[in-house]
Each structure stands twice: as structure tokens, then as C-alpha cells.
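S.K.:
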Amino acid sequence: MKIKLTIDGQKIQTEAGKTILDVAKEAGIHIPILCHHPLLPPEGACRICLVEIERQRSLQPSCTFPATDGLVVHTRSPKVFEARKFVLEMLLSDHPNDCMTCDTTGNCLLQDLIYEYGVKPDTYPGLRHQYPIDDPNPFIQVDRNKCILCTRCVRACSYVNGVDAISVVYRGFSARIAFGADSFMEESPCEFCGSCVEVCPTAALYPKLSIGQGRLWQTEKVNTICSYCGVGCQITLEVKDNKIIRVDSGWQGPANHGWTCVKGRFGYDYVHHPDRLKKPRVRQYLLEGTPRKGERGEWVEVDWDTALSITSQKLSEIKNKHGSNSIGILASAKCTNEENYLMNKFARQVVGTNNIDHCARL
Ligand code: SF4
Ligand code: SF4
Ligand code: SF4
Ligand code: FES
């Protein structure tokens, strides 16, 4: 069903069933958000997206308010500006405000809004939390001092990962995020998928491996496919000085829509590990052509032509001596579909055997 409404004087026709925030976004009208995330169910927790709707007694959160026929909405009135500024002032009244040393600087929704609305840090001085930053898990730093209780992490954990490892405990000034039965992350049902880190709008949840490694604007972004398995999750590598310092979600990835497992998100340090093999290796005796009895010999680095010609020669010898079916081939879920297809062709048409299988079936 089509509806017509007016936002900031712009007459808009759209389909029913959307929120004011959705319609404004489609029309190119910017409304700030903090607790809202386009891939999570709306919560209406932070009130930064308040708008003025004619014939409504109070300001309404645009991320939850349904767009209906005939609405007249103002997103930039002085009343709206004051309300949003007040929300930010209240958030800053219990926030460390250490943007200069914070890892999320330049990639923080709160910081951007504080700048945009010209908020001063000490408008409401008073009690501030001093939470310890002591969660011992290897992947995620938990800094509740920077948490704005937007519950994005709670919803990501529940709706995306289906784990429900995070919740908000207590009420009022004592409210804070907690893991499991208010324990450390490792002792909760957490699977360290990192979805909560990805959606956190501040540095309250931050990857430990990335601390102090570089700011967002200092990195080159490389879109790629995670190499750990065959699902094909899209990820974005943040690279600084030729080194991966963070892995972000590839929101457009058709296989994962931005979500990853623990390996894809945090298991990238192998790329720079000094023990990583970068060239093929063969046993020394294979280069000499004469196997020594009982001796396996040292591994020697060779170029690809040498390694492939030895492999092909040995496979031909086995085939000639024992027949094609004496050879079996294992392909890998870590390869692309195209590579596995070629391996299938190699087994059936070059070697002449149907003995081909795939590690994911073992
Ligand atoms: S979380 Fe954001 S606002 Fe808070 S200190 Fe870090 S950059 Fe600044
Ligand atoms: S890492 Fe994943 S499983 Fe663990 S708390 Fe965050 S969203 Fe939940
Ligand atoms: S940890 Fe981050 S995502 Fe979770 S409630 Fe706090 S600010 Fe929001
Ligand atoms: S973004 Fe709408 S209430 Fe938080």
C-alpha cells in the first residue's frame, strides 16, 4: 500500500510498513542513530533519533515510529536539536572522554555526534563509573566505561548468533552489560564470533589484537573472502604498513551479510607468522633422484616448476606401476569452487580415477 508523508518539507510517497527513519534515509534526509543498526531489530533505546511529528504531544524516536499516511515530520527543528544535544550531554556525563588515546577515534558514532552537536564534556559533572578493564579473554577488550547501553551487542548476540551471551543487568545508574551469569566472557556461552564488536558504536567492545595498531583512516581496506572454510564469507581487511591490523565485516557479502565466526574475525595473525610456508618444499633425495633407504632427508625449498614436475613424475610412476585407482585425491574446503572443480577434472580426466573426496566430508 502506498502512503504519502512530508519530512522537512519534502513530500514523499513510499510503501507502508517502514519507519520514519527508513523513509528519511531513502529520501536522503540524515537522522542520527546510536542504538539503531540496520541489520538488527529496532530498540528505541538511546533517543538520539528523536523527531518532531505534528499532532504528537512529544518527540518520537524515528527508528521505531511507523511512517503512516499524512504524517508531517520535522527532523531539524530547534526542539529536536536541543533534545538530541541533551541526550549527548547525559551520555558524556558518564564517559571517559579520552578520544585522544581511544582506539575507536575516527570510527565512533558517539564522537561524531558530540562534534556535530557541539557538546561540552562537563555540562553535567557528577558521579562517573570506574569499571575495571579486566576481562581476560584473548579476543575482545571489554571497557564498560565507554559503553552507552545501546544494546546493539545484546541484539547482535541474540538475533544474529543466537547465543544470548550478553544482557544488561541492574537498572538506572547501576545498569551495565554482563556476560552469561555476570561473569567473564570466557565463562559465558560466548563463541567469540565478534558480532558484538562489529556493531558496538564506541570502543566499549574492541578487538584486543588491534589495540594501538592504527586508526581507521590510516588503513587500506581490502575486500576479500575468508580463507578458513568453503562458506565464502566476505570480510574487509584493514591493512597498515602491509600488515593486517583488523578484520571488519563485509556487509554486502551474500554468504554472511557481515557476520563471521571466531576464526574469520580474529584468526588472521597466521598471515604474518614467521613459520608460514611461502614456497614449496621437497625432500632432498627427490632432487638427487635416488631415494636413500630408511632416510627421509631434509626439506629443501624449491620453485613451483620443480615441485610440480616432481609431483607429476611420481604420480605417473605410481599410475604406470599400480593403475589409476591406486591414486586417491583429497580436495579442500579452503579452496574456491573453481579450484575444486579443476581438481575433479584432474582426478577423473588426467589421472583417470573417481577416487576424489573433499575434506569437509571426512
Ligand atoms: S568511545 Fe568514542 S567518544 Fe568514547 S573515548 Fe572513544 S572515540 Fe571518544
Ligand atoms: S563474541 Fe559473539 S557470541 Fe560472544 S558475546 Fe559477542 S556476539 Fe555474543
Ligand atoms: S558494549 Fe557497545 S554495543 Fe554493547 S551496549 Fe555498550 S555501547 Fe552498545
Ligand atoms: S537510534 Fe532511535 S532510539 Fe536509538
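In terms of my numbering, the sequence shown opens at residue 2 and continues consecutively. Positions of the beta carbon are idealized from the N, C-alpha and C atoms, including for glycine. These figures come from a predicted structure and were not determined experimentally.
1) Of the residues Pro62, Val88 and Pro122, which one's Cα is nearest the Cα of Ile21?
2) Taking 7 Å as the cut-off, decide whether the C-beta atoms of Ile178 and Cys148 are in contact.
3) Just how far apart, CA to CA, sit Thr225 and Asn338?
4) By Cβ distance, which residues of its chain are closer than 6 Å to Gly298, with the 5 residues on each side in sequence left out?
5) What does DSSP give as the partner residues of Phe180 in its beta bridges?
6) Ignore the nearest five residues each way along the sequence and tell me which others in Asn356's own chain have a CB closer than 8 Å to its CB.
7) In chain order, what are the residue ranges of uninterrupted beta strand (DSSP E) at least 3 long that sit wholly in the stretch 65-96?
8) Which same chain residues end up closer than 6 Å to Cys227 when comparing Cβ atoms and leaving out the 5 residues on each side of it in sequence?
9) Measuring from the CB of Leu93, is there a heavy atom of ligand 1 at a distance below 6 Å?
10) Taking 8 Å as the cut-off, does the stretch 153-164 touch the stretch 38-55 (at least 3 CB pairs, one atom from each stretch)?
11) Using 8 Å for Cβ pairs, my map puts Pro202 next to Cys151. What's the rounded Cβ distance?
12) Below 6 Å CB to CB, which residues in the same chain sit around Gly71 once its five sequence neighbours on both sides are set aside?
13) List in chain order the residues whose CB is within less than 6 Å of at least one heavy atom of ligand 4.
14) Mind checking whether the beta-carbon of Ala205 lies closer than 6 Å to any heavy atom of ligand 3?
15) Determine the burial state of Tyr269: buried for a count of at least 16 other Cβ atoms within 10 Å of its Cβ, exposed for fewer.
16) Fully enclosed by the stretch 241-299, which alpha helix (DSSP H) runs are 4 residues long or longer?
17) Considering only heavy atoms of ligand 1, does any lie closer than 6 Å to the CB of Gln112?
18) Give a yes or no on contact between the stretch 74-84 and the stretch 183-195, applying the rule of three or more CB pairs nearer than 8 Å.
19) What residue does the beta strand (DSSP E) around Asp113 start on, and which one ends it?
20) Let's see if you can read the secondary structure: which residues bound the beta strand (DSSP E) around Tyr229?
21) Report whether the distance from the Cβ of Thr106 to the nearest heavy atom of ligand 1 is below 6 Å.
22) Return helix, strand or coil for Asp306, following the three-state DSSP convention.
23) Should Ile178 be listed as close to ligand 3, given that the test is whether its C-beta is under 6 Å from any heavy atom?
24) Return yes when at least one heavy atom of ligand 2 lies under 6 Å from the C-beta of Val120, else no.
25) Within the continuous beta strand (DSSP E) that includes Glu16, where are the two ends?
26) Reducing DSSP to helix, strand and coil, say where His359 ends up.
27) For Asp242, is the beta carbon positioned less than 6 Å from some heavy atom of ligand 1?
28) Can you tell me the Cα-Cα spacing of Pro42 and Phe193, whole angstroms?
29) Helix, strand or coil for Asn224, going by three-state DSSP, please let me know.
30) Please look up how many angstroms separate the CB atoms of Ala84 and Leu60, rounded, as I've assumed it's under 8 Å.
31) Within the 7 Å Cβ cut-off, does Lys209 reach chain D?
32) Which residue wins for smallest C-alpha separation from Lys416, given the options Asp123, Ala68, Thr106 and Glu302?
33) Am I right that Thr69 and Arg216 are in contact with their C-beta atoms under 8 Å? What's the rounded C-beta distance?
34) Any chance the stretch 86-102 sits against the stretch 116-127, with 3 or more Cβ pairs inside 8 Å?
35) Out of curiosity, what's the CA-to-CA distance linking Lys19 and Gln214?
36) With respect to the alpha helix (DSSP H) encompassing Glu53, which residues constitute its N-terminal and C-terminal limits?
M.R.: From the atom records:
1) Pro62
2) Against a cut-off of 7 Å, the Cβ pair of Cys148 and Ile178 comes out as a contact.
3) Taken atom to atom, the span from the alpha-carbon of Thr225 to that of Asn338 is near 15 Å.
4) Arg284, Gln285 and Tyr286
5) Ile167 and Ser184
6) Asn326, Ile328, Gly329, Ile330 and Ala348
7) 73-75
8) Cys234, Ile236 and Gly265
9) False, no ligand heavy atom lies under 6 Å from that Cβ.
10) yes
11) 6 Å
12) Once the five neighbours on either side are set aside, Gly71 has no close Cβ partner at all.
13) Ordered along the chain, the selected set is Ile34, Leu35, Cys36, His37, Gly45, Ala46, Cys47, Arg48, Ile49, Cys50, Pro62 and Cys64.
14) Between ligand 3 and the CB of Ala205, the shortest heavy atom gap is smaller than 6 Å.
15) buried
16) Entirely contained in the stretch 241-299, the alpha helix (DSSP H) runs reaching 4 residues are, in chain order, 263-267 and 285-289.
17) yes
18) no
19) Counting along the chain, Asp113 falls outside any beta strand (DSSP E), though it belongs to the alpha helix (DSSP H) covering Leu110 to Glu117.
20) First-last for Tyr229: undefined, no H or E at that position.
21) yes
22) Reduced to three states, the DSSP call for Asp306 is helix.
23) Checking every heavy atom of ligand 3 against the Cβ of Ile178, one is found closer than 6 Å.
24) Ligand 2 never approaches Val120 closely enough for any of its heavy atoms to be under 6 Å from the residue's Cβ.
25) Gln11 to Glu16
26) strand
27) no
28) 21 Å
29) strand
30) Their Cβ separation, rounded to whole angstroms, is 5 Å, which keeps Ala84 and Leu60 in contact under 8 Å.
31) Absent from the structure: chain D. Only one protein chain is present.
32) This structure does not reach residue 416, given that the chain is present from 2 up to 363, and the question cannot be answered.
33) Rounded, the Cβ-Cβ distance is 43 Å, inconsistent with contact.
34) yes
35) 40 Å
36) Not the alpha helix (DSSP H): Glu53 falls in the beta strand (DSSP E), residues Leu51 to Ile54.
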